[in-house]
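Numbering (the working numbering), first residue to last: 60 to 303.
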């Protein structure tokens, strides 16, 4: 029995997120369905680094699974991709230590959020369509996020979650011709956290919330705050860092 680490890309448009759900199409279910024929049609459980939501995409999701097989890693990679649907692709597969854990061994996670300024069919499922607006102050809000904060105000309430502290290493907006892109890197992220941050920052530069109120949400975390949440289609899990 060997442990394998895989890096996965997927278009989340037609998935009900990452996590297995019995009656719904999920990324985890599709990959486990592809693995089963390689394990005498028995389930192979895969564990992801993060649980992306419905409509959220991944450029570098990481997962691990245990499997006894005589296939070489390149053969296993090809066998899996041959069985996967067109909207999922495994881009790397390697043997790893039995102590490696896709979620708990992760040190940094990178997300990107894309806002398309205007209307373009090409980016319909990979960005938040939003009318052009004055965006020069976005990084004033983004700068407030870096460092260690309690992000309870910027997350979906989870009563089982005791620790809502996150360490944000990078938080930066930049603009291309028609796209506003937010890059954020942290040790962990709470449920819906990036979407709440993006929605609230955009609301801030539209004068729907002040920078002082934004800072107050960071410094005085509250449950069930009524703030702004960006839609899922603009969010992409870019990658995960692990210690060498």
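Every residue, glycine too, gets a C-beta built ideally from N, C-alpha and C.
Source: prediction; values computed, not measured.
Provide the residue span of the alpha helix (DSSP H) that contains residue 258, from first to last. 252-264
From the DSSP output, in three-state form, read off residue 124 for me. strand
Would you call the CB atoms of residue 255 and residue 230 closer than 8 Å? no
By the 10 Å Cβ neighbour count, where 16 or more other Cβ atoms means buried, how is residue 175 classified, buried or exposed? buried
Would you mind stating whether residue 147 and residue 89 have Cβ atoms separated by less than 8 Å? yes
Burial state of residue 207 (16 or more Cβ within 10 Å): exposed
Looking at residue 260 and residue 210, is the spacing between their C-beta atoms short of 8 Å? no
Name the DSSP bridge partner or partners of residue 165? 301
Does the stretch 79-97 come close enough to the stretch 152-160 to have 3 or more Cβ pairs within less than 8 Å? no
Pair within 8 Å by beta-carbon distance, residue 118 and residue 295: yes
Quick one: using the 10 Å Cβ neighbour count with 16 as the cut-off for buried, is residue 250 buried or exposed? exposed
Contact between the stretch 273-283 and the stretch 233-244 is defined here as three or more beta-carbon pairs at a separation below 8 Å; is this criterion met? no
Based on the DSSP output, what are the partners of residue 65 in its beta bridges? 122 and 152
Can residue 169 and residue 298 be called in contact, C-beta distance under 8 Å? yes
Where DSSP assigns a beta bridge to residue 130, which residues make up the other side? Partner(s): none; residue 130 has no beta bridge.
Use the C-beta contact count for residue 61: other C-beta atoms within 10 angstroms, 16 or more gives buried, fewer gives exposed. exposed
Can you give me the C-alpha to C-alpha distance between residue 128 and residue 166, rounded to a whole angstrom? 30 Å
Return the chain-ordered list of same chain residues with a C-beta closer than 8 Å to the C-beta of residue 85, the five sequence neighbours on each side being excluded. 74, 75, 76, 77, 78 and 79
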